[in-house]
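Visitor: Below: one structure in structure tokens.
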Amino acid sequence: MPRVKQRTEALRERALTGALAILATEGAAGLTTRAVAGRAGASVPAVYEVFGDKAGIVREIFFAGFRQLEDELTALPAADDALAGLRGLAEGFRQFVLRNPMLAEVMFARPFADFDPMPDEAGAKVRTIFTQHVRDAVDARRLRGDPADIALVFRTLVEGLAMAEATQRLGGSRQSVDRRFRLGVNTLLKGFARA
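Here the sequence shown stands for residues 8 to 202, numbered as in the working numbering.
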């Protein structure tokens, strides 16, 4: 197949699709510019021209991951109860991480030394989703406290539990993992519950 010479948006999309596929199948170690170029049917210089450098590829993966997570969390069914909504949000986040462990690693563990997004770039819309769910629970008098603080603590707990599960550090059986995930989420929510 002849190499694509044009530095177009189509090349960017093919390269990003290829990079995501490489990450999913080979992990961070397999993500090289040469491999991405091969998947995109382009030359290495063409990929560099589109992304600037490897950090540019990782940056696109990072933002693609957060867009996908945002879409999945936004599509979760509405719950009748604000606390059930928070539990559903936690489970939706967990399932995203379990289906996309390598992508989640790029998003949350940052395995590439040459990539460091600005703090306000790191999943702002996902933070907004968590904050809105928490605000709904506070407004419904199901939780007490500052919604921004609770949302940060809640999201951090859920992220940590999901990443621990994805790396087999949350238990040895499905039952123990599920029990520990629920225990963490329910204990945190109980701690912020209105007396």
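Cβ atoms here follow ideal geometry from the backbone N, Cα and C, with glycine treated the same way. For clarity, every value in this text was computed on a predicted model and none was experimentally measured.
Given a cut-off of 8 Å on the beta-carbon distance, is the pair Leu93 and Leu83 in contact?
Guide: Along the sequence shown, read from residue 1 onward, the residue named residue 93 stands at position 86. Along the sequence shown, read from residue 1 onward, the residue named residue 83 stands at position 76. The answer is no: Cβ separation not under 8 Å.
Visitor: With three or more beta-carbon pairs closer than 8 Å as the criterion, would you say the stretch 99-109 touches the stretch 172-180?
Guide: Two segments are said to touch when three or more pairs of C-beta atoms, one from each, lie closer than 8 Å; by this definition the stretch 99-109 touches the stretch 172-180.
Visitor: Taking the Cβ atom as the reference point for each residue, do Ile64 and Phe70 lie within a distance shorter than 8 Å?
Guide: Within the sequence shown, numbered from 1, the residue matching residue 64 stands at position 57. Within the sequence shown, numbered from 1, the residue matching residue 70 stands at position 63. No, the pair does not count as a contact, with Cβ atoms beyond the cut-off.
Visitor: Determine the direct distance from the alpha carbon of Ile157 to that of Thr138, and round the result to whole angstroms.
Guide: Within the sequence shown, residue 138 is the residue found at index 131, counting from 1. Within the sequence shown, residue 157 is the residue found at index 150, counting from 1. Answer to the nearest angstrom: the Cα atoms are 8 Å apart.
Visitor: What did DSSP end up calling Leu196 once you bin it into helix, strand or coil?
Guide: Within the sequence shown, numbered from 1, the residue matching residue 196 stands at position 189. DSSP places Leu196 in helix when its eight states are reduced to three.
Visitor: If you follow the alpha helix (DSSP H) that Gln139 is part of, which residue opens it and which one closes it?
Guide: The sequence position of residue 139 within the sequence shown is 132, counting from 1. Taken as a continuous stretch (DSSP letters only), the alpha helix (DSSP H) holding Gln139 covers Ala131 to Asp146.
Visitor: Can you look up Leu38 in the DSSP assignment and give me helix, strand or coil?
Guide: Here the question's residue 38 lines up with position 31 in the sequence shown. Coil at Leu38, not helix or strand.
Visitor: Using a threshold of 8 Å, state whether the C-beta atoms of Arg46 and Ala28 are closer than that.
Guide: Working through the sequence shown from its first residue, we reach residue 46 at position 39. Working through the sequence shown from its first residue, we reach residue 28 at position 21. Yes; because the gap between Cβ atoms is below 8 Å, this pair is in contact.
Visitor: Alpha carbon to alpha carbon, what distance is there between Ala89 and Ala111?
Guide: Translated into the one-based positions of the sequence shown, residue 111 becomes position 104. Translated into the one-based positions of the sequence shown, residue 89 becomes position 82. If you take the alpha carbons of Ala111 and Ala89, they lie about 26 Å apart.
Visitor: Helix, strand or coil for Ala111, going by three-state DSSP, please let me know.
Guide: Here residue 111 corresponds to residue number 104 of the sequence shown, with the count starting at 1. Looking at Ala111 - three-state DSSP - the assignment turns out to be helix.
Visitor: Mind checking Pro52: buried by the 16 CB within 10 Å criterion, or exposed?
Guide: Counting from 1 along the sequence shown, the entry for residue 52 is found at position 45. Exposed is the call here.
Visitor: Going by beta carbon distance, what residues of the same chain come within less than 6 Å of Arg162, once the five residues before and after it are set aside?
Guide: Locating residue 162 in the sequence shown gives position 155, counting from the first residue. Phe137, listed in sequence order.
Visitor: What alpha helix (DSSP H) runs, 4 residues minimum, are completely inside the stretch 44-84?
Guide: 51-58 and 61-81
Visitor: What do you get for Ala49, buried or exposed, if any count of 16 or more other CB atoms within 10 angstroms of its CB means buried?
Guide: Indexing the sequence shown from 1 puts residue 49 at position 42. Ala49 comes out buried.
Visitor: In the DSSP assignment, find the alpha helix (DSSP H) that holds Asp156 and state where it starts and stops.
Guide: As a working mapping, residue 156 is identified with position 149 in the sequence shown. That run of the alpha helix (DSSP H) goes Pro154 to Ala173.
Visitor: Taking the alpha carbon of Leu76 as the point to measure from, which residue in Ala86, Met114, Leu168 and Thr40 has its own alpha carbon closest?
Guide: Taking the sequence shown and counting its residues from 1, one reaches residue 76 at position 69. When only C-alpha atoms are compared, the closest one is Met114.
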